[in-house]
Amino acid sequence: MDSRACPCVSSAYDLFIVNPIQLSTEESSYTEIFPVASLSDKTPIEFYVSGSGEHYLDLAHTLLHLQVKIKKKNGTAIGNPDQVAPINYLLHTLFSECSVTLNDQQVSSQANYACRCIFDALLSPRAVQESMLTSGLFYKNVASKHDSVELANVGDNANSGYQTRYNICKDSKLMDMIGPWHFDLGNQSKCLINSVNLRIKLERNKDSFALMSSTQDFKVVIQHASLFIRKVKVAPSIVIAHEIALSKGVIKMPIRRTEVKSFALSSGMQSIIIPNAFIGQIPTRLILGMVSNNAFNGDFSKIPFNFKHYDLSYLCILDGNRMIPSKPFQPKFDNSNCYSRCYMSLFTDLGRYHKDQDLNISYSEYKDGYTLFAIDLTPDLSADGMHESILSNGNLTLDLKFGKALPETVNLMVYSEYRNIIEIDKNRSIFSDF
Numbered sequence: 001m002d003s004r005a006c007p008c009v010s011s012a013y014d015l016f017i018v019n020p021i022q023l024s025t026e027e028s029s030y031t032e033i034f035p036v037a038s039l040s041d042k043t044p045i046e047f048y049v050s051g052s053g054e055h056y057l058d059l060a061h062t063l064l065h066l067q068v069k070i071k072k073k074n075g076t077a078i079g080n081p082d083q084v085a086p087i088n089y090l091l092h093t094l095f096s097e098c099s100v101t102l103n104d105q106q107v108s109s110q111a112n113y114a115c116r117c118i119f120d121a122l123l124s125p126r127a128v129q130e131s132m133l134t135s136g137l138f139y140k141n142v143a144s145k146h147d148s149v150e151l152a153n154v155g156d157n158a159n160s161g162y163q164t165r166y167n168i169c170k171d172s173k174l175m176d177m178i179g180p181w182h183f184d185l186g187n188q189s190k191c192l193i194n195s196v197n198l199r200i201k202l203e204r205n206k207d208s209f210a211l212m213s214s215t216q217d218f219k220v221v222i223q224h225a226s227l228f229i230r231k232v233k234v235a236p237s238i239v240i241a242h243e244i245a246l247s248k249g250v251i252k253m254p255i256r257r258t259e260v261k262s263f264a265l266s267s268g269m270q271s272i273i274i275p276n277a278f279i280g281q282i283p284t285r286l287i288l289g290m291v292s293n294n295a296f297n298g299d300f301s302k303i304p305f306n307f308k309h310y311d312l313s314y315l316c317i318l319d320g321n322r323m324i325p326s327k328p329f330q331p332k333f334d335n336s337n338c339y340s341r342c343y344m345s346l347f348t349d350l351g352r353y354h355k356d357q358d359l360n361i362s363y364s365e366y367k368d369g370y371t372l373f374a375i376d377l378t379p380d381l382s383a384d385g386m387h388e389s390i391l392s393n394g395n396l397t398l399d400l401k402f403g404k405a406l407p408e409t410v411n412l413m414v415y416s417e418y419r420n421i422i423e424i425d426k427n428r429s430i431f432s433d434f
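Its first residue numbered 1, the sequence shown is counted upward by one per residue in the UniProt record's numbering.
Have a look at this one:
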């Protein structure tokens, strides 16, 4: 026995110990919140949750509930000849922007909200995609068949994801969807103290973005929208303790802040350097993917989230004189299929390596519409860890090269994660370090 080893006793012999009892929460329940104004095709959807009263808000369990129909532009129901279906994960990809304010102080303004949600969904484990996310109308597209809107030849040449969504919405059936909200305050476990008002605003995407069809005579009609917020009644002793602590300090809520930036890569280019891509706080992690500019701007015949490789042959991030990764990605997407390092980055740089968390993108699917690159920028390569690294500022440059000139204008979508803190003082004033 090593002299430095300490003796221990198996928990099987703790015969006189019982489970701990929680006394801090007296009651929890979901409250349905409706929009502040009536629904229309053009106006944003806005929810307001009052912070008055004794209840705290458990934002990690916030749910969005939508009921929508697909109709013709003249308002009539679609019929049998009409081949139209929503894009993947319509519950969230129906919206282009999401902003969150606390006591009228904006803490999140998420442009490219649909892209943020599809990144989150695509990188979820298979079990999550095939269960919980289906309630938000997520049905994975068949690799290399993303833009297929044909219903014939079901057995061999069809996009089963598109067909499933088509069967759900055909004849203008009501699509009832619910699922977790993708916002920064929902990615942390701390409750929001009382007397803090929450306001969430959603902007609609164009119908040409949210729908797939060979024709353009369709629109999405929202019949119902609501928010389910979990309200928590906290024990009076905890509430008093919080108020006493607030007289001496501030509440700190660490968050993983997410942004999605879009960079246009012009048609005909073969070598591209994007200077000043990120100025100021350095992200902890980046996830990159490329989509057609026409599809992303709204095209009924194309899905906006077909992440193609465009024969990318070189990718790296430049932070001053430092190259990340130290050996750039140099895939070959020709018949040699040499892109293993790029594929493995979805495990090593997303915290899946040596963990029982799978990824529902196979090696063969990766090059056919699921080409994503993950890069961890933390000093210890632990962007998913419970600890934080020292915030650093800098100027990141993106360097890309392609095996052949780009055949069309491309949008480079960059999903970036940051570690930040939101603070609340005794007067319920809101502060942040970003």
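Every residue, glycine too, gets a C-beta built ideally from N, C-alpha and C.
Check, Outcome
"So, are the CB atoms of A374 and L350 less than 7 Å apart?", "yes"
"Report yes or no: do three or more beta-carbon pairs, one from the segment 122 to 139 and one from the segment 355 to 369, lie closer than 8 Å?", "yes"
"Can you name, in chain order, every residue of its own chain whose Cβ lies under 7 Å from the Cβ of P328, other than the five neighbours on each side?", "Y314, L315, C316"
"So, helix, strand or coil for E97, using DSSP?", "strand"
"Beta-carbon separation of N205 and L94 under 7 Å?", "yes"
"Would the segment 404 to 415 count as touching the segment 282 to 297 if we require 3 or more Cβ pairs under 8 Å?", "yes"
"In three-state terms, what does DSSP make of V154?", "Low per-residue confidence applies at V154: pLDDT is 49, beneath 50, and the placement is therefore not dependable enough to give any value."
"With P236 as the anchor, note down where its alpha helix (DSSP H) starts and where it stops.", "236 to 246"
"Out of L151, I222, S108, state which residue places its alpha-carbon closest to the alpha-carbon of S40.", "I222"
"Does DSSP put R322 in a helix, a strand or coil?", "strand"
"How far does the alpha helix (DSSP H) with R126 in it reach, from first residue to last?", "126 to 129"
"Give me the DSSP bridge partner(s) of residue 496.", "Only positions 1 to 434 of the chain appear in this structure, which leaves residue 496 out of reach."
"By alpha-carbon positions, which one of I118, Q129, Y89 ends up nearest to I168?", "Y89"
"Buried or exposed: where does C338 fall if 16 or more other Cβ atoms within 10 Å of its Cβ makes it buried?", "exposed"
"Thinking C-beta only, is L227 closer than 7 Å to F47?", "yes"
"Using 7 Å as the threshold, is the C-beta distance between I324 and S392 below it?", "no"
"Helix, strand or coil for D384, going by three-state DSSP, please let me know.", "coil"
"Assign H224 to one of three DSSP states: helix, strand, or coil.", "strand"
"At a cut of 8 Å, does the segment 171 to 190 reach the segment 24 to 43 through at least three beta carbon pairs?", "no"
"Along the chain, where does the alpha helix (DSSP H) containing I118 start, and where does it finish?", "113 to 122"
"Are the beta-carbon atoms of E423 and V250 separated by less than 7 Å?", "yes"
"Provide the residue(s) that pair with M290 in DSSP beta bridges, ordered along the chain.", "K308, L412"
"Where does K170 fall in DSSP's three states?", "helix"
"Buried or exposed: which applies to P275, given that a residue is buried once 16 or more other Cβ atoms fall within 10 Å of its Cβ?", "exposed"
"If I430 sits next to V232, beta carbons under 8 Å apart, how far is it from one beta carbon to the other, in whole angstroms?", "With a Cβ gap of about 20 Å, I430 and V232 do not count as contacting."
"Considering only the beta carbon of each residue, do R230 and D82 sit closer than 7 Å?", "no"
"Which residues mark the beginning and the end of the alpha helix (DSSP H) in which R341 is found?", "340 to 348"
"Using the Cα positions of F345 and A245, report the straight-line distance between them to the nearest angstrom.", "A small correction: the amino acid at residue 345 is Ser; Phe does not occupy that position in the sequence shown. Computed Cα separation, rounded: 43 Å."
"Near G179, which residues of its chain fall below 6 Å by C-beta distance, leaving aside the five closest residues on each side in sequence?", "L91, S135, G136"
"Going by alpha carbons, who is nearest to H146 out of E97, P86, S172, S131?", "P86"
"Would you grab the beta carbon distance between F402 and L312 for me? Rounded to a whole angstrom, and I think it's under 8 Å.", "6 Å"
"Please classify residue 438: is it buried, with 16 or more other beta-carbons within 10 angstroms of its beta-carbon, or exposed?", "Nothing can be reported for residue 438: it is not among the residues displayed for the chain, which extend from 1 to 434."
"Report all residues from its chain with a CB closer than 7 Å to the CB of Y363; omit the five preceding and five following residues, and keep chain order.", "Y343"
"Throw me the rounded Cβ distance for the residue 440 and L377 pair, which I believe falls under 8 Å.", "This structure gives no information on residue 440, because the portion of the chain shown stretches from 1 to 434."
"Go ahead and label L23 buried or exposed: buried means 16 or more other beta carbons lie within 10 angstroms of its beta carbon, across all protein chains shown.", "exposed"
"What did DSSP end up calling F296 once you bin it into helix, strand or coil?", "helix"
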